[in-house]
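Asks: Here the sequence shown stands for residues 6 to 397, numbered as in the numbering used here.
Quick one: the structure is below, questions incoming.
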Amino acid sequence: MNIQIHRGQNQIGGNIIEVSTGTTKILLDVGLELDDDKNQELPDIDGLFDFAGYDAVFISHYHGDHLGLAYYVHKDIPIFIGEDSYKIISASDNYKHIETFKPGGFLNHKKSITVGDITVTPYLCDHSAFDSYMLLCEADGEKVLYTGDFRSNGRKPYNWLLKELPKNIDVLLCEGTTLSREGYVSQTESELEQEAVELFKTNTGPVFVLQSSMNIDRIVTMYRAAKRTSRIFLEELYMAEITSAIGGSIPNPYFSDVYTFITNPKRYETLSQYDHKVGKDFISKSHFVMCVRNSMLSYLQSLSEKMSFKNGLLVYSFWSGYKENDEMKEFLNECENLGLKIVTLHTSGHADETAIKELIGAVKPKKLIPIHTENAERFRELVTDMVVEIRE
């Protein structure tokens, strides 16, 4: 098999990886750059957007830096993605009145899909995106494993994954997002939950959590912390649409202690489908944890006129770099003006050095190609008994 990295080698995000044989060409992820200014034009990849020059695209997970270009892929190229991942992006797109691309099929753990003479086998892994997969490609007697984004500190057992993955592979395409953070050790979601519990007990006022509506693990963490401190859990309609699309054990408005609210009256028709819909009068008299977005400042200001924010808390649960964004700065400053104490509670969705070394030890690759990292050279320091190929 031939491996061509169109993008994502010496940067974080924007992954586009081609795997091919003499007769078959597929892509692993079709991501946007993290820098919006670089996404003004489609990348020059012959046969991806203008005609069907590829046999399939496989998406490891739904984050935009791995999925974003899927909306522009030529309609005759089938796109494979996890079914719950597709439910999440469909719910998000529907809320925003965006048309979602049509999937060619769904990924399931260890259920192989053969395209031409390449067989792709997904392996369910843990990441801050729900329903993420590592992708094993097999052809010509070779095995290539692409990690996508992964971690060992979430709610899926990492040891289970290491036992499930194939051994003695030929090439490992491994992400190294955190390798630029010297000495970084990931906090677990369970540890984060315990910290949240202590904070929710200490700060007796209202609790607001600023987090991604698509970070399902974090929603579970904050819901469990709310439940353990006898608080109801409030999801704004956008998050409620996403969690309801997945359903099952994911906290959603069909739970007895999860309620939905809106910040835009024009959304009331959508809100009306939920039995557990509430307004400011109910909320202002409740002991709660409310998930918020930084676009909800005027809503919080209005709510503060109906209830006291004394001993209140805003939990910031994003990457710290987003604090430099002007809109985020304004939101955080105004929350402080409303009397809320701001505390950061966050852990990465990416593997730390220990998890990366454990993965490498488990699959025993003959060759490693770094991807999704700004410190590819660090891999050569982590592993000295194999070829580490750093491409320009």
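Ideal placement from N, C-alpha and C gives every residue a C-beta, glycine not left out.
Verify whether the separation of the beta carbon atoms of Ala-381 and Phe-155 is less than 7 Å.
Replies: Not a contact, by the Cβ cut-off of 7 Å.
Asks: Relative to the C-alpha of Leu-140, which candidate in Arg-383, Glu-169 and Cys-340 has its C-alpha closest?
Replies: Selected option, being the one with the closest Cα: Glu-169.
Asks: Answer yes or no: does any C-beta atom of chain D fall closer than 7 Å to that of Ile-118?
Replies: In the displayed structure, chain D is absent; only one protein chain is listed.
Asks: Give the straight-line distance between the Cα atoms of Leu-242 and Met-295, rounded to the nearest whole angstrom.
Replies: C-alpha separation (whole angstroms): 12 Å.
Asks: How big is the Cα-Cα spacing for Ala-250 and Ser-353?
Replies: So the alpha carbons of these two residues sit roughly 25 Å apart.
Asks: Would Leu-178 pass as a contact of Ile-365 if the rule is Cβ separation under 7 Å?
Replies: No, the pair does not count as a contact, with Cβ atoms beyond the cut-off.
Asks: Measuring straight from C-alpha to C-alpha, what distance separates Leu-319 and Ser-235?
Replies: Distance between the alpha carbons of Leu-319 and Ser-235 is about 18 Å.
Asks: Taking contact to mean at least 3 C-beta pairs separated by less than 8 Å, is the stretch 60–75 in contact with the stretch 21–40?
Replies: Because the criterion of three Cβ pairs below 8 Å is met, the stretch 60–75 and the stretch 21–40 touch.
Asks: When you compare the CB positions of Glu-203 and Arg-229, do they come within less than 7 Å of one another, or not?
Replies: Cβ distance not < 7 Å, so Glu-203 and Arg-229 don't count as in contact.
Asks: Name, in chain order, the residues that DSSP records as bridge partners for Tyr-138.
Replies: Paired residue(s): Leu-129.
Asks: Tell me whether Lys-172 sits in a helix, a strand or coil according to DSSP, three-state version.
Replies: Lys-172 falls in the coil class under three-state DSSP.
Asks: Go ahead and pull the three-state DSSP assignment for Ala-144.
Replies: Strand, per DSSP.
Asks: Would you give the residue range spanned by the beta strand (DSSP E) that Glu-194 belongs to?
Replies: Per DSSP, Glu-194 belongs to no beta strand (DSSP E); it is in the alpha helix (DSSP H), 194–207.
Asks: Specify, as a first and last residue, the run of the beta strand (DSSP E) that Met-295 falls within.
Replies: It spans 293–297 - the beta strand (DSSP E) in which Met-295 sits, taken as one unbroken run.
Asks: Do Pro-256 and Thr-265 have their C-beta atoms within less than 7 Å of each other?
Replies: Against a cut-off of 7 Å, the Cβ pair of Thr-265 and Pro-256 comes out as no contact.
Asks: From what residue to what residue does the beta strand (DSSP E) around Tyr-264 run?
Replies: Start and end: 263–266.
Asks: When you compare only the Cα positions, how much space is there between Phe-336 and Ser-300?
Replies: Taking the straight line joining both Cα atoms gives about 8 Å.
Asks: So what's His-71 in DSSP terms, helix, strand or just coil?
Replies: Three-state result, His-71: helix.
Asks: Does the stretch 214–229 come within contact of the stretch 118–137, defined as at least 3 CB pairs closer than 8 Å?
Replies: Yes, they touch.
Asks: If we call anything under 7 Å between Cβ atoms a contact, is Lys-285 one with Leu-308?
Replies: Cβ distance < 7 Å, so Lys-285 and Leu-308 count as in contact.
Asks: Using 8 Å for Cβ pairs, my map puts Leu-343 next to Leu-305. What's the rounded Cβ distance?
Replies: Yes, Leu-343 and Leu-305 are in contact; Cβ-Cβ is about 6 Å, under 8 Å.
Asks: With C-beta atoms as the reference, is Ala-2 less than 7 Å away from Ile-247?
Replies: As shown, the chain starts at 6 and ends at 397. That puts residue 2 outside it, with no answer to give.
Asks: Quick one: using the 10 Å Cβ neighbour count with 16 as the cut-off for buried, is Glu-310 buried or exposed?
Replies: Result: exposed.
Asks: Is Leu-47 buried or exposed, if buried means 16 or more other CB atoms sit within 10 Å of its CB?
Replies: By the neighbour-count rule (16 or more Cβ atoms within 10 Å), Leu-47 is not buried but exposed.
Asks: Determine the closest residue to Lys-328 out of Gln-216, Val-176 and Ala-360, with distance taken between C-alpha atoms.
Replies: The option with the nearest alpha carbon to Lys-328 is Gln-216.
Asks: One question on the structure: do Tyr-138 and Leu-166 come within less than 7 Å of each other, judged by their Cβ atoms?
Replies: It is not a contact, given that the beta carbons lie outside the stated cut-off.
Asks: Consult DSSP for Asn-338 and reduce its assignment to one of helix, strand or coil.
Replies: Note: Asn-338 maps to helix in three-state DSSP.
Asks: To the nearest angstrom, report how far apart Thr-28 and Gly-121 are at their CA atoms.
Replies: So the two alpha carbons sit approximately 7 Å from each other.
Asks: In chain order, which beta strand (DSSP E) runs of at least 3 residues are fully inside the stretch 83–109?
Replies: Segments of the beta strand (DSSP E) lying fully in the stretch 83–109: 84–87.
Asks: Please state the DSSP three-state secondary structure of Arg-12.
Replies: The answer is strand: DSSP assigns Arg-12 an E or B state.
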